[in-house]
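Chemist: In this note's numbering, the protein residues as written are 5 to 291. Just so it is clear, CB atoms sit at the ideal spot from N, CA and C, and this is done for glycine as well.
#1: Taking residue 1 as the reference, give the member of 44, 179, 19 and 83 with the closest Cα.
#2: Which of the three DSSP states, helix, strand or coil, is assigned to residue 9?
#3: So residue 23 and residue 250 are in contact, right, with Cβ under 8 Å, and what is the actual spacing, rounded?
#4: Helix, strand or coil: which one does DSSP assign to residue 151?
#5: Report buried or exposed for residue 279, applying the criterion of at least 16 other Cβ atoms within 10 angstroms of its Cβ.
#6: Going by alpha carbons, who is nearest to residue 32 out of 180, 231, 115 and 175?
#7: In this structure, what does DSSP give as the bridge partners for residue 260?
#8: For the segment 55-66 against the segment 94-112, are there 3 or more C-beta pairs whose distance is under 8 Å?
#9: So, under 8 Å CB-CB, residue 188 and residue 209 are touching, yes? Tell me the CB distance rounded to an integer number of Å.
#10: How would you write the range of the beta strand (DSSP E) that residue 212 sits in, first residue to last?
#11: Roughly how many angstroms separate the alpha carbons of residue 289 and residue 234, rounded to a whole number?
#12: Short of 6 Å in beta carbon distance, which residues of its chain neighbour residue 239, apart from the five on each side in sequence? Order them along the chain.
#13: Keeping to the same chain, check which residues put their C-beta closer than 7 Å to that of residue 157; ignore five residues upstream and five downstream.
#14: In or out: residue 155 buried (at least 16 other Cβ within 10 Å) or exposed?
#15: Count the other CB atoms, across all protein chains shown, that sit within 10 Å of the CB of residue 164; report buried if there are 16 or more and exposed otherwise.
#16: Select from 135, 192 and 108 the residue whose C-alpha is nearest the C-alpha of residue 218.
#17: Looking at the unbroken beta strand (DSSP E) that takes in residue 290, where does it start and where does it end?
#18: The beta strand (DSSP E) spanning residue 124 covers which residue range?
#19: For residue 134, count neighbouring Cβ atoms within 10 angstroms of its own Cβ and tell me buried if that reaches 16, exposed if not.
#20: Could you give the uninterrupted runs of the beta strand (DSSP E) lying entirely in the segment 65-152, keeping only those of 3 residues or more?
#21: Taking 8 Å as the limit between beta carbons, can you name the residues of its chain near residue 150, skipping five residues before and five after?
#22: Going by beta carbon distance, what residues of the same chain come within less than 6 Å of residue 237, once the five residues before and after it are set aside?
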């Protein structure tokens, strides 16, 4: 029987939970500042949306980059038993991707049971995708395998009242790439657009609430390392600054997704965090 890679947490998210999400952290020198910002907003979970290590991923668990640029900056959060949920980005595929799975098996606060996986939190669900499988034409076999898994996991989570999907590559973007590649669009338009309540991605080096389309809300949080210019006319909210998203449960079957910017000085030391916008997402579940 095929593995469904489904984590059932056996409980619902409480309104006190603050989930912090950001992509493209890449071992950035501003990661200690992000850790401080996460603490200041009361973070209880961190979700990293790919490109965990620039420019070439990691070679293995003994790679000094892993300790110095990933584990050490987040140690204050690990010490508080704050879990980190990971997905990979295209830069992580330039080296040993299996090393991240092994790290998750060994580190109690790092959660990544597979390259893609689902979670049940009561009547709410998260689905974490590996969009590099769909973005790169030469990953055809992995694309089909993940596509079959996605159909199975949707059936497992069909009773969810609120569905959040996470991936590295966005469908829409007011950043440098404008939109997903044609091959990735085929999957995202068929299985994400109008099929879940929100899709949160990285990759574009911007912080944005792009739009609502067919009752799916699209967000990008990818300013953990590089920062790109934005075309503000293409998005509802767009920021070209260090920042991240938070997700909190609101009223029944709804979440509040907020954008925060992180302020640092010329030495990349933490100066503060500012909430710049928020959006309520009403749940309909998977469809």
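Modeler: With the given structure in hand:
#1: The first residue shown for the chain is 5 and the last is 291, placing residue 1 beyond what the model contains.
#2: coil
#3: At roughly 6 Å, the Cβ-Cβ gap stays under 8 Å, so residue 23 and residue 250 are in contact.
#4: helix
#5: exposed
#6: 231
#7: Note: residue 260 sits in a beta bridge opposite 252 and 284.
#8: yes
#9: Not quite, the Cβ-Cβ distance comes to about 17 Å (not below 8 Å), so this is no contact.
#10: 211-217
#11: 31 Å
#12: 178, 212 and 214
#13: 8, 10, 122 and 131
#14: exposed
#15: buried
#16: Each of 135, 192 and 108 was checked against the Cα of residue 218, and the nearest Cα belongs to 192.
#17: Premise fails: residue 290 is in no beta strand (DSSP E) and is neither H nor E.
#18: 121-125
#19: buried
#20: 88-91, 121-125 and 128-132
#21: 119, 120, 133, 134, 137 and 138
#22: none
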